[in-house]
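Under the UniProt record's numbering, the sequence shown has 151 at position 151, and the numbering climbs by one with no breaks. No residue lacks a Cβ here, since even glycine has one placed at the ideal position from N, Cα and C. In this text the structure is predicted, and so the values were computed from the model without any measurement.
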Amino acid sequence: MEKKPLVLLVDDEQDLCTLMQMSLSRMGIDTHIAYRLQEAVQALKTHQYDACLTDLNLPDGNGLSLVDFIAQNYPNLPVAVLTAYGNMDIAIAALKAGAFDFVSKPINQKHLEQLLQKAFNQPISQLHIQEDTLEHRLLIGQSLPIQQLRIILKKIARSQAPVFITGESGTGKEVVANLVHRLSNRNEGPFIAINCGAIPTELMESELFGHRKGSFTGATQDKQGLILSAHGGSLFLDEIAELPLTMQVKLLRAVQEKRIRPIGSDTEIDVDFRVISASHQDLEALVQQGKFRQDLYFRIHVMDIVLPALRERGNDIILLAQHFIQKICQEWDIPVKPLSERAREFLLAQYYPGNVRELRNMMERAITLSDESSIDLPHLQTAPLRPIAQTNYANATQQGAVGNDQLSHVPSRKLPEEGLELYLEKIEKEILMNALNLTHWNRTLAAKKLGMSFRSLRYRLKKFGLDGEDDSV
C-alpha cells in the first residue's frame, strides 16, 4: 500500500485546522496539527513531513521564525504560509525567508490543492540532480559572481514567488529566467517569454490577455493570450519597464489575482503562472519619476537576481569564448579553432559593453576572418568594414537617424563580386554593428538612433545573426 503524504499544519485557530484537516484527508493527505510554534519545532524533530503549512501569527512566536528554522534545518521541506487577505508585505517577507508559496485566508479548496500539488510534484533528490547538470551547463564559469548566482538559483527554484532579474544588456536575462523555470517544479509546464518592448501598444492587450471573436474590427476568431498560454508554467516579461502605465494596471491584477478577462469576454478565467520579469533599467527610479507603478513594482520585485557584467567575471570570459567557438564551429561543420595566448590576453582586457552577447558575436566574426587553424590577435582586432565614415555615422546617430546625405560617404568601388543584394546586406549588417557599438549594445536606443522601431531592429538582428541568443551565460 502506497504511503500517504504527511503535512504539518501550524495554526492556532482550531476550527480552521479541523476544516483543513478534513479537506486534506479528502485529497488523500495525512495531517499533523501544531497550535504553537514550539509544538511545530518538536514535531519536525520527531517526524518526516512532505510539506508544512504555517500561519504567521502564533501564540508563542512569529511564523517567520518557523520558516527560517525549516530553511536552516530542513532545507528540502517545502513550507508555505497562511496569511490574511491583503497582508502581502508579511507574505513577501516569508517568501524571502525561504517559503515556497503562500495562500490567503479564507482558504480556497482549489488553491490549496494547487499549492500542495506543486509541493509534491517533484522529489527534492531529483531536483538537485537536475540543478547540478543544468546550472553548470547553462551558467558557464567558475568566477565568484557565477558561483553565488548558482546558490541563489537553488533557493529561488523552490519558491513560487515572483522573480525580478536585472543586469546590463546582453548579460543573459532570458537564459537565467528560463533556468529558474527549468529548475522549479513548474518545469513540465510552458515557459512563455515576452519582450514587452517589441509588441505595438495597440496590440498589447490582445497579445497578453487574448480576445473573443467580434470584440473589435479584425477579430475574426477567438485568440488565447500569452498569459493564459503560460498556465501551469512560467511567464517571462522581458524589458517590463517598456509596458505602458495603462497595461501595468491590467498586469497587476493578473499577477495578484491570477485571473484574466480577454477582450470582449463577460467572464474571467483562472490562470496559474509564475511571473518572472527583467529590465536593464532602474525600476525604482522609474517609480519615482511616475513612469512605473509602485504597486506593480512591489508585486514583481519579491526575489531579486542581479546578473554580473561580463567584465566582472574574470577568466569566465575565456571559458565562454571557448564554449561559443566550439558551438559555432559545430554548427558550421568546421574544425574547432583554439584561442592563441595573445588572443586570450586581448579578450581579458576588453570592457564588453554588450556583455555575453557581444562576446558571442566577436567569436563568430573571428572564426569567419580566420583562415588559419587558430584564432589569433589580428582576427579579434580587425575593425569591421565601415561603408559609412565613422565620424559622419556618429554624428548622424546623435541626430537620431542616418540621413540620405551620409550615403555620399560610401567608398566608390567597382561592381561588387558577390552581387548587389549580398553587398547591400553586408553594408546593412555593418551599420547595425556600428549602431550597437555606439549605444553599448542597448538595442532600444540603437533602434531609436537608426530611426526604426524596436521590432524592426530585432528582425534585422535575427536576420544577420546579431541577436546573440544562446542557451548559456
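Query raised in the report: When you compare only the Cα positions, how much space is there between Leu64 and Leu9?
Result: 15 Å
Requested in this report: Following the continuous beta strand (DSSP E) through Asn442, name the residue where it begins and the one where it ends.
Outcome: Careful: Asn442 lies outside any beta strand (DSSP E) and carries neither H nor E.
Query - Cβ contact check for the stretch 265-275 and the stretch 311-319: 3 or more pairs under 8 Å - result: no
Requested in this report: Can you give me the start and stop residues for the alpha helix (DSSP H) that residue 490 sits inside?
Outcome: It is not possible to answer for residue 490, since the shown part of the chain is limited to 1 through 473.
Query raised in the report: With His280 and Ser472 assumed to form a contact (beta carbons below 8 Å), what rounded beta-carbon distance in angstroms separates them?
Result: In fact, because the Cβ distance is near 19 Å, the residues do not count as touching under 8 Å.
Query raised in the report: With burial defined as no fewer than 16 other Cβ atoms inside 10 Å of the residue's Cβ, what is the status of Leu296: buried or exposed?
Result: buried
Query raised in the report: In three-state terms, what does DSSP make of Gln130?
Result: In this prediction, Gln130 has a pLDDT of 42, which is less than 50 and means its spatial position is unreliable; nothing more can be read from the coordinates.
Requested in this report: Measure the CB-CB distance between Ala80 and Leu53 and report whether it falls below 8 Å.
Outcome: yes
Report task. Within the stretch 284-313, note down every full beta strand (DSSP E) run reaching 3 residues or more, in order along the chain. Result -> 303-306
Query raised in the report: Do Ile300 and Phe236 come within 8 Å of each other at the CB atom, strictly closer than that value?
Result: no
Requested in this report: State yes or no: is the C-beta of Lys226 within less than 8 Å of the C-beta of Glu207?
Outcome: Residue identity check: residue 226 is Leu in the sequence provided, not Lys. It is a contact, given that the beta carbons lie within the stated cut-off.
**Report entry** Those runs of the beta strand (DSSP E) which lie wholly inside the stretch 190-254 and span at least 3 residues
**Finding:** 191-195 and 233-238
Query - Lys4 versus Met303 - alpha carbon distance - result: 32 Å
Query raised in the report: Leaving out five residues before and five after residue 484 in sequence, what residues of the same chain have Cβ atoms less than 7 Å from its Cβ?
Result: The displayed coordinates of the chain run from 1 to 473. Any statement about residue 484 would go beyond what the structure contains.
Query raised in the report: Per DSSP, which one or two residues make a beta bridge with Ala84?
Result: Lys105
Query - Paired residues, beta bridge with Phe164 - DSSP - result: Ser277 and Asp304
Query raised in the report: Mind checking Asp60: buried by the 16 CB within 10 Å criterion, or exposed?
Result: exposed
Query raised in the report: If you count every other CB in all the chains shown that lies within 10 Å of the CB of Trp441, and 16 or more means buried, which is it?
Result: buried
Query - 7 Å Cβ shell around Leu66 - same chain, five flanking residues per side excluded - result: Val10, Leu37, Ala40 and Thr54
Report task. Go ahead and pull the three-state DSSP assignment for Thr171. Result -> coil
Report task. Compute the Euclidean distance between the alpha carbons of Phe464 and Lys429, then round it to the nearest angstrom. Result -> 7 Å
Query raised in the report: Asp22: buried (16+ other C-beta within 10 angstroms of its C-beta) or exposed?
Result: Correcting the residue identity first, residue 22 is Met in this sequence and not Asp. Met22 comes out exposed.
Query raised in the report: Going by DSSP, what residues sit across from Cys52 in a beta bridge?
Result: Leu8 and Val79
Query raised in the report: Tell me, which residues are paired with Thr267 by DSSP?
Result: According to DSSP, Thr267 bridges with nothing at all.
Query - Any non-hydrogen atom of the ligand GTP within 7 Å of Thr267 CB - result: What this structure holds is no ligand at all, so the ligand GTP is not there to describe.
Query - Cutoff 6 Å; reference Gly189; Cβ partners in own chain excluding five residues on either side - result: Gly232 and Gly233
**Report entry** Any 3 or more C-beta pairs closer than 8 Å across the stretch 368-382 and the stretch 340-354
**Finding:** yes
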